[in-house]
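Below you'll find the structure, written out as structure tokens, and then a few comments.
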Amino acid sequence: MPRHSAVHHVPRDDSLHDLDFINTTSTSSFPYLYKHSNQHQKFKMKIQDRTFIISGGASGLGQACVEDICANGGNVAILDMNEESGQELVKKLSTPTKFFECNVLETESVTKAVQDAAKWAKETGKPLGGVIAAAGVSTPATILDRNGTAFDLENFDFVLNVNLRGTIDLVRQTLEHLAKVEPQGPDGERGVVIMVASSAAFDGQKGQVSYSASKGAVTAMTLPMARDLARFGIRVVTIAPSLFESRMTSVMSEKVRKSLEGAMEFPRRAGQPNEFAQLARQGIENVMLNGVVMRLDGAMRMPSKM
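Residue numbers for the sequence shown follow the numbering used here, so the first one is 1 and each next one is one higher.
Structure (structure tokens):
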């Protein structure tokens, strides 16, 4: 009986999902596959020696992203309204960071912060690599209260102006600078936009009309924005977290918190900011992530009410 090789065939290029079978024989027999497995680093966007603009960067999820990017060799322009917290964070981190006071409700404030951050990136020789729009607010209110009175439109406008208008204003102004960066790598990538939505965009609870509207709009503009920016080599990724430890969730009552954690499938706890930052880093490094909204929720689906 003739001996049969441990590997009977080489999969087509479009079926290279797992290269473990290479271990059964010499990689020299499959030069293309060996080359393929060693080339993935070429297509990985590098955080090191790039500058990232992060709004809401002095606390919560934004701060976690600041710390993670710094730990991976990137520079960070921290945009926030809280100068004291921002400057304390700058002192704490070893990698170059700089604080820029910014109120995302005011276009002039965003303009100054972005321009100063872009100037700083040029001065350090670390070109812009992207923006993470992590500033956000929530003001719960049912559209009709117990007496049948409609909620105040001022609160609705406030939530949308921070979460939606503030996000797109920061992104659009950063993009003008990012589009001028020298393309990097074999794909000619310039950078990435990361926006923050919420599970409320899909499973809005009672009292979350304003918040759900703002975050739903962020998810809705992800794909068209990615299509707009494809010609510039700029990707767009949105992350939709559920219950995460943050300044926003710290004001929750223990009853509400326990109820939300009970809706988690696994793990049955609030997410940690560093877990959000891990996914944000993947959004930066993995160049195939584009035009996508990624839920980060432990299989949680929000109940209608607590």
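Quick reminder that beta carbons are idealized off the backbone N, C-alpha and C, glycines included.
Between the alpha carbons of residue i and residue j, how many angstroms are there, rounded?
i: Lys-163; j: Glu-67; result: The sequence shown places Asn at residue 163, not Lys. So the two alpha carbons sit approximately 22 Å from each other.
i: Arg-172; j: Ile-239; result: 18 Å
i: Arg-87; j: Phe-100; result: Reading the sequence as shown, one finds Gln at residue 87 and not Arg. Taking the straight line from one Cα to the other gives about 9 Å.
i: Arg-309; j: Asp-297; result: It is not possible to answer for residue 309, since the shown part of the chain is limited to 1 through 306.
i: His-177; j: Cys-102; result: 17 Å
i: Ala-118; j: Met-302; result: 39 Å
i: Glu-261; j: Leu-243; result: 8 Å
i: Gln-205; j: Ser-304; result: 5 Å
i: Leu-16; j: Cys-65; result: Interpretation of Leu-16 is limited by its pLDDT of 45, a score under 50 that renders its predicted location unreliable; no figure is taken from the coordinates.
i: Gln-278; j: Asn-147; result: 45 Å
i: Leu-160; j: Ser-210; result: 7 Å
i: Asp-351; j: Gly-125; result: The requested residue 351 does not occur in the structure, where the chain is confined to residues 1 to 306.
i: Lys-98; j: Ile-78; result: 6 Å
i: Phe-232; j: Arg-268; result: 41 Å
i: Ile-54; j: Thr-142; result: 31 Å
i: Val-110; j: Glu-84; result: 19 Å
i: Arg-165; j: Glu-108; result: 13 Å
i: Gln-115; j: Arg-281; result: 24 Å
i: Pro-96; j: Cys-70; result: 8 Å
i: Arg-247; j: Ala-263; result: 21 Å
i: Ala-113; j: Glu-106; result: 11 Å
i: Thr-222; j: Ile-284; result: 15 Å
i: Phe-202; j: Asp-152; result: 23 Å
i: Phe-266; j: Lys-180; result: 43 Å
i: Asn-82; j: Gly-136; result: 14 Å
i: Pro-224; j: Ala-197; result: 16 Å
i: Val-293; j: Pro-186; result: 25 Å
Let me know if residue i comes out buried or exposed under the rule of 16 or more other beta-carbons within 10 Å of its beta-carbon.
i: Thr-149; result: exposed
i: Leu-144; result: exposed
i: Asp-80; result: buried
i: Gly-60; result: buried
i: Thr-24; result: Residue confidence for Thr-24 is low, a pLDDT of 43 falling below 50, so the modelled location carries little weight and cannot support an answer.
i: Ser-94; result: exposed
i: Gln-208; result: buried
i: Glu-182; result: exposed
i: Gln-308; result: It is not possible to answer for residue 308, since the shown part of the chain is limited to 1 through 306.
i: Gly-188; result: exposed
i: Asn-351; result: Any answer about residue 351 is impossible in this case: the structure gives the chain only from 1 up to 306.
i: Arg-241; result: At residue 241 the sequence reads Pro, which differs from the Arg that was named. Per the 10 Å Cβ criterion, buried.
i: Ala-121; result: buried
i: Gly-288; result: Here residue 288 is Met; the residue named in the question, Gly, does not match the sequence. With fewer than 16 Cβ atoms within 10 Å of its Cβ, Met-288 is classed as exposed.
i: Ala-230; result: exposed
i: Arg-295; result: buried
i: Pro-2; result: Confidence at Pro-2 is low in this model, with a pLDDT of 48, below 50, so its placement is unreliable and no value can be given for it.
Whose CA, out of the options, lies closest to the CA of residue i?
i: Lys-91; options: Val-76, Ala-197, Phe-156; result: Val-76
i: Ala-226; options: Thr-219, Leu-160, Ala-220, Val-236; result: Val-236
i: Phe-52; options: Glu-182, Val-159, Leu-229, Gly-129; result: Gly-129
i: Pro-273; options: Glu-83, Ala-134, Val-159, Gly-233; result: Ala-134
i: Thr-219; options: Ala-200, Asp-228, Ile-234, Asp-152; result: Ala-200
i: Glu-245; options: Ala-230, Phe-276, Thr-222, Met-264; result: Phe-276
i: Thr-139; options: Asp-157, Asn-82, Val-131; result: Asp-157
i: Ala-58; options: Leu-89, Val-193, Gln-282, Asn-286; result: Leu-89
i: Pro-127; options: Met-300, Ile-47, Glu-265; result: Ile-47
i: Ile-234; options: Gln-184, Pro-96, Glu-84; result: Gln-184
i: Ala-270; options: Gly-283, Met-300, Val-293; result: Met-300
i: Val-104; options: Asn-290, Phe-151, Thr-167; result: Thr-167
i: Gly-291; options: Leu-153, Val-193, Pro-186, Asp-152; result: Val-193
i: Ile-132; options: Asp-203, Asp-152, Glu-106, Leu-175; result: Leu-175
i: Asn-286; options: Gly-191, Val-196, Asp-152; result: Gly-191
i: Gly-73; options: Pro-224, Met-45, Gly-56; result: Met-45
i: Gly-56; options: Pro-186, Met-195, Glu-123; result: Met-195
Does the beta-carbon of residue i, which I'm using as the reference point, lie nearer than 8 Å to any heavy atom of the ligand GDP?
i: Phe-156; result: Absent from the structure shown: the ligand GDP. Ligands present: none.
- Item | Residue ranges of each alpha helix (DSSP H) within the segment 121 to 171, 4 or longer | Unbroken alpha helix (DSSP H) runs of no fewer than 4 residues, entirely contained in the segment 121 to 171, are found at 153 to 160, following chain order.
- Task: Please list the segments of the beta strand (DSSP E) lying wholly inside the segment 66 to 109, counting only runs of 3 or more residues, in order along the chain.
- Result: Whole beta strand (DSSP E) segments, 3+ residues: 75 to 80, 97 to 101.
- Task: Go through the segment 230 to 288 residue by residue and report every complete run of the beta strand (DSSP E) that reaches 3 residues or more, in order.
- Result: The segment 230 to 288 contains, as complete beta strand (DSSP E) runs of 3+ residues, the segments 234 to 241 (chain order).
- Just checking, does the segment 255 to 273 make contact with the segment 209 to 226 on the three C-beta pairs under 8 Å criterion? Cβ pair count under 8 Å is below three, so no.
- What are the uninterrupted segments assigned as alpha helix (DSSP H) that are 4 or more residues long and contained completely in the segment 175 to 224, given in chain order? Listed in chain order, the alpha helix (DSSP H) elements of length 4 or more contained wholly in the segment 175 to 224 are 209 to 220.
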